[in-house]
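In our numbering, the protein residues as written are 1 to 159.
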Amino acid sequence: MSLAAVRAAIVARLSAVADIGVVHDRERNAADLARLKALYWSAPHAQLRGWFVRRIATSETGNVQGRTVEQARWRIVGVMGVDDAAASELAFDALVEAIRNAFAQDETLSGTVDQCTDPDGGGASCVQLDDAGIVMFAGVLCHACKLSLTTVRYLERSP
């Protein structure tokens, strides 16, 4: 499977999470705050609630008789408008856990990768929460998080 197929599988898995909001296959930007807000606005939730996926690193090792191991690190970034009276921090945290659970159920992403576990034995498996906090995004006070995912593919390369 291609890297584009892996990205599409990640986006599809995110999109299948209940109440996820808007999911983009890349970071979306706009020249002004109103347009940026519109890109991440979730009409069903009537709030800013969006996610994007970015590949942040790729390493390849091996190449013994044309066989290599490709590890791609992915960053998944999410934002959701703050509503303190509705305990939105707890809802956002539950959403993060729903994402982690969704990825843990199938570590091959429907066969697009060989695994989502670091083959170097670091112990990391599936989606990790790297950072969470409050940010201003598109002029809106938001909960935000950075998640990471390592995908592994065993590739056959022509010597």
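Don't be surprised by glycine CBs; every beta carbon is placed ideally from N, CA and C.
With a threshold of 16 other CB atoms inside 10 Å of the CB of residue i, please say whether the residue is buried or exposed.
i: Arg13; result: buried
i: Arg49; result: buried
i: Gly160; result: The structure shown has nothing for residue 160, since the chain only spans 1 to 159.
i: Thr150; result: buried
i: Gln47; result: buried
Measure the C-alpha to C-alpha separation of residue i and residue j and round it to an integer number of angstroms.
i: Tyr40; j: Gln65; result: 46 angstroms
i: Ile99; j: Met80; result: 14 angstroms
i: Asp84; j: Arg55; result: 32 angstroms
i: Val6; j: Val113; result: 7 angstroms
i: Thr108; j: Val22; result: 24 angstroms
i: Ser15; j: Glu156; result: 31 angstroms
i: Leu141; j: Ala31; result: 19 angstroms
Can you tell me where the alpha helix (DSSP H) with residue i in it begins and where it stops?
i: Ile99; result: Ser88 to Ala104
i: Ala16; result: Careful: Ala16 lies outside any alpha helix (DSSP H) and carries neither H nor E.
Where do the ends of the beta strand (DSSP E) carrying residue i lie?
i: Ala144; result: Val140 to Glu156
i: Leu109; result: Element bounds for Leu109: n/a, residue is neither H nor E.
i: Ala132; result: Gln128 to Phe137
Give me, in chain order, the residues of the same chain whose beta-carbon lies closer than 6 angstroms to that of residue i; leave out the 5 immediate sequence neighbours on both sides.
i: Arg28; result: Leu39
Could you tell me which whole alpha helix (DSSP H) segments of length 4 or greater appear in the stretch 28–70? Correct list: 33–40.
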